[in-house]
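In what follows, a single structure is set out as structure tokens and then discussed.
Chains as they are written, first to last, in our numbering: chain U, 559 to 966; chain W, 559 to 966.
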């Protein structure tokens, strides 16, 4: 029989959101009349903005004519989109990138899941706890995580984010090669300010480690003095890769487009002491195993960065922000401790009376038909918390909060 | 400095098609007035068929309304498309699959590049020579290929396909865990008949190995008695994964959609002797590192399998087939030995007087401004050959052949 990747045998069987979906399906089967409201998975609910729809129709029409048809595109993405991103997302923040340091993809999840392929088996990886599961699982699948015992991998360094440290990870006290940071954070909804991020960049520069910075939620930052990109911190282009997504910014969860910034200054070392460029390695990886984001999707993404789109996007973001405000206010009125939700679509709710998070999940589902995501699914330090998202409609959000108030 | 994946240091710097593109760019810069005709990379030239365009516009409109908007879809693909594929591509050939054995993706290149993640480091991989480079490179990147010397990896088993064996690989005489087969073949354009494929399936069953069957070009098979799917061979569902693509079938190279068939009967063994389901492992892999093919692209793919599309697709295929016929006839008239091209869009041309294939490439480019793909780029046994594709327009194909006739 074919010898397989042993690391898979150590993975827990169910990906967090699949288990949530399973329990919701079971509830629905038992309660076919009940309308379930999900404040669980971070999917958007608003349709694509008119600018994007127009760009899609136009690009589709191009695909219908031999003269304008586009087949294989560059694996790294079309220059028109890389350039639009450089000018829109970075230049106004004082960040100077070359357009070819930006790699277009089908989303941040793929990029974040795949990027670890560039590291050695012996690379020591640090993640926060709680954490977006993809960072942990993708390293475990690669056999880099060691053995799983009591819900933790032996070779991963966990950086607890708890109420005690205001959900801000402390710098690691052991040597690590790679650190995953997410700000605004999924799941806690908190944000790293300039001072914290500077400390992380300096630490990485001192210790020769690499930061994988997940900025998928940067559009939700309300305070313009907070960094939106890690490259706003001097020297970060020598120690950090940044992942971005149009999923939450522009409702692209079903359209699929994101990008990774891999500066040319980034290097890493082979076991025999040679220095390789991570930019070149990522280019080689993408050219070998990926064929680029669809042309029509890249045209849709380009439309997001054009002048007309700004107002349309702002209107959508305002809806989600108002939901978050409403949730924070309601939870506090209920006497609950709620974190995040200001610069983020996520609210990190402490369960009442330290109730285990899957019990809280089941209680919310059974008594209020409201879906949240149990904090324990994001890591040991997520126990006693639940993640709520601001992505449902204002009507459903309001209804869900009324039901929760009654149930608790 | 971050420890990196050492295997990347052993890879050759340039992916074949990038090197071709580089030389073509340099030629264009030197000869700005000359019209270059590419019979090189396997990209289609015909626009998307009207059925697909209509489906795309309709799906885009759905994304514009809150009621019909789709966010995250299932990572494995929407049921409507999996079911359409099951009914259209397999049932009529007598192949019974469950729809959930079909995993929709953004293309066969991604699936083929990623699937090796499921194997152990010690898995012995066999590939044909010449070969589609992704099979080799993706295993090399995973550190499974050993050391590269004289253009070959020490731990990969190469199965030469030469004129002597009519470009049909012989069964391996050493134990292998995984065999990559491609039929109709890229680059040789030849096809495995039922007897050969049966021998491969039986060999895999006897030796407990796994076949990764790349059927990206099955639409080009003209003889209905030839197998289009490996599952037409009894017992193949216990030893084979099949990869398919809409790129060549329906011109989706720029739209990005393909699928992998991973039967539930497939198993593999961990080092400590446990048996795992490859279907479950692939599901876990996809759910962790992938977020699904865009909804609008899946609706476009669905349209390919609906009754109205058949005629439109056939018209496009006929254009490419006529090109292949014309090329075969021309090459033979020039006194050259040409293979493939009957059940495939690829023609495998033996260079005159055993000219090295990159020299032949340069000669064709300089003297005829025609781009082919040098056989040596596909492996050692490709030396002395060049791959020509039938995907250009009839006019350009004719013009390129006239130029070649003059140049040779």
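Here a beta-carbon is modelled for each residue, glycine too, at the ideal position from N, C-alpha and C.
- prompt: At a Cβ cut of 7 Å, what residues of the segment 896-915 of chain W count as close to chain U, listed as they run along the chain?
  reply: Within the segment 896-915 of chain W, contact with chain U at the beta-carbon level (separation under 7 Å) is assigned to no residue.
task: Over the uninterrupted beta strand (DSSP E) stretch that includes residue 687 of chain U, give me the two end residues.
output: 683-687
message: Closer than 7 Å between beta carbons: that is the criterion. Which residues of the segment 607-627 of chain W meet it against chain U?
response: 611, 614, 615, 618, 621, 622, 623, 624 and 627
- prompt: In terms of residues, what are the limits of the alpha helix (DSSP H) holding residue 576 of chain U?
  reply: For residue 576 of chain U, the enclosing alpha helix (DSSP H) begins and ends at 574-588.
message: Quick check: is any heavy atom of the ligand NAD less than 7 Å from the C-beta of residue 954 of chain W?
response: The ligand content of the structure shown is nil, which means the ligand NAD is not present either.
task: Use the C-beta contact count for residue 707 of chain U: other C-beta atoms within 10 angstroms, 16 or more gives buried, fewer gives exposed.
output: exposed
- prompt: Name the chain W residues that come within less than 8 Å of residue 877 of chain U, Cβ to Cβ?
  reply: The contacting residues do not exist; residue 877 of chain U stays about 11 Å from chain W at best.
query: For residue 676 of chain U versus residue 836 of chain U, is the C-beta spacing smaller than 8 Å?
result: yes
query: Quick one, which of U:740, U:794 and U:635 has its alpha-carbon nearest residue 657 of chain U's?
result: For residue 657 of chain U, the closest C-alpha among the options U:740, U:794 and U:635 is that of U:635.
- prompt: Who pairs with residue 726 of chain W in a beta bridge, going by DSSP?
  reply: According to DSSP, residue 726 of chain W bridges with nothing at all.
- request: Count the other CB atoms, across all protein chains shown, that sit within 10 Å of the CB of residue 842 of chain W; report buried if there are 16 or more and exposed otherwise.
  value: buried
task: Say whether the segment 906-914 of chain U touches the segment 630-649 of chain U, bearing in mind that this needs 3 or more beta-carbon pairs closer than 8 Å, one atom from each stretch.
output: no
field: Cβ neighbours of residue 943 of chain U in the same chain (closer than 7 Å, five flanking residues each side left out)
entry: 906, 907, 908, 909, 915 and 933
- prompt: Quick one: what's got a C-beta closer than 7 Å to residue 880 of chain W's C-beta in the same chain, skipping five residues either side?
  reply: 952
field: Cβ-based neighbour list, residue 762 of chain W, same chain, cut-off 8 Å, excluding 5 preceding and 5 following
entry: For residue 762 of chain W, where only same-chain residues beyond five positions count, the Cβ hits under 8 Å are 737, 768, 769, 797 and 798.
- request: For residue 674 of chain U, count neighbouring C-beta atoms within 10 Å of its own C-beta (all shown protein chains included) and say buried if the count is 16 or more, exposed if not.
  value: It is buried - the Cβ of residue 674 of chain U has at least 16 other Cβ atoms within 10 Å.
- prompt: Would you call the segment 841-857 of chain W and the segment 567-582 of chain U touching, i.e. three or more CB-CB distances under 8 Å?
  reply: The segment 841-857 of chain W, when compared against the segment 567-582 of chain U, does touch it at the 8 Å Cβ threshold.
message: Suppose contacts are defined by Cβ-Cβ distances below 8 Å. Is residue 862 of chain U in contact with residue 923 of chain U by that definition?
response: no
message: Considering Cα atoms alone, identify which of U:752, U:764 and U:756 is closest to residue 782 of chain U.
response: U:752
message: What does the alpha-carbon distance come out to for the pair residue 936 of chain W and residue 684 of chain W?
response: 15 Å
- prompt: Less than 8 Å separating the beta-carbons of residue 801 of chain W and residue 771 of chain W?
  reply: yes
field: Contact set for residue 697 of chain W: own chain, Cβ-Cβ below 6 Å, skip 5 residues either direction
entry: 674, 683 and 703
- prompt: How many whole angstroms separate the CB atoms of residue 809 of chain U and residue 874 of chain U, which I take to be in contact at a CB cut-off of 8 Å?
  reply: 7 Å
field: residue 887 of chain U classed as buried or exposed, judged by whether at least 16 other C-beta atoms fall within 10 angstroms
entry: Classified as exposed, residue 887 of chain U has fewer than 16 neighbouring CB atoms from the shown chains inside 10 Å of its CB.
Among U:713, U:755, U:705 and U:667, the one whose alpha carbon lies nearest that of residue 693 of chain U: Nearest of U:713, U:755, U:705 and U:667 to residue 693 of chain U, Cα basis: U:667.
- prompt: When the Cα atoms are used, what is the spatial distance from residue 859 of chain U to residue 826 of chain W?
  reply: 41 Å
- prompt: Since residue 807 of chain W is in the alpha helix (DSSP H), which residue starts that stretch and which ends it?
  reply: Where residue 807 of chain W is concerned, the enclosing alpha helix (DSSP H) starts and stops at 805-808.
- prompt: Can you round the beta-carbon distance between residue 582 of chain W and residue 594 of chain W to whole angstroms, since I take them to be within the 8 Å contact cut?
  reply: 6 Å
- prompt: With a CB to CB cut of under 7 Å and the five nearest residues on each side skipped, what residues in its chain are close to residue 688 of chain U?
  reply: Excluding residues within five positions, the ones whose Cβ falls inside 7 Å are 719, 745, 746, 933, 936, 937, 939 and 940.
Alpha-carbon spacing of residue 963 of chain W relative to residue 612 of chain W, whole angstroms: 42 Å
- prompt: Near residue 900 of chain W, which residues of its chain fall below 7 Å by C-beta distance, leaving aside the five closest residues on each side in sequence?
  reply: The beta carbon of residue 900 of chain W sits closer than 7 Å to those of 780, all from its chain and outside the five residues before and after it, given in chain order.
query: Helix, strand or coil: how does DSSP classify residue 626 of chain U here?
result: coil
Anticipated Cβ contact below 8 Å, residue 812 of chain W with residue 621 of chain U, distance rounded: A Cβ-Cβ distance of about 7 Å is found for the pair residue 812 of chain W and residue 621 of chain U, placing them in contact under the 8 Å criterion.
- request: In angstroms with no decimal places, state the Cα-to-Cα distance between residue 710 of chain U and residue 786 of chain W.
  value: 46 Å
- request: May I have the straight-line CA-CA distance separating residue 661 of chain U from residue 949 of chain U, to the nearest angstrom?
  value: Roughly 27 Å separates the two Cα atoms.
query: Since residue 772 of chain U is in the beta strand (DSSP E), which residue starts that stretch and which ends it?
result: Annotation: the continuous beta strand (DSSP E) that includes residue 772 of chain U extends over 768-772.
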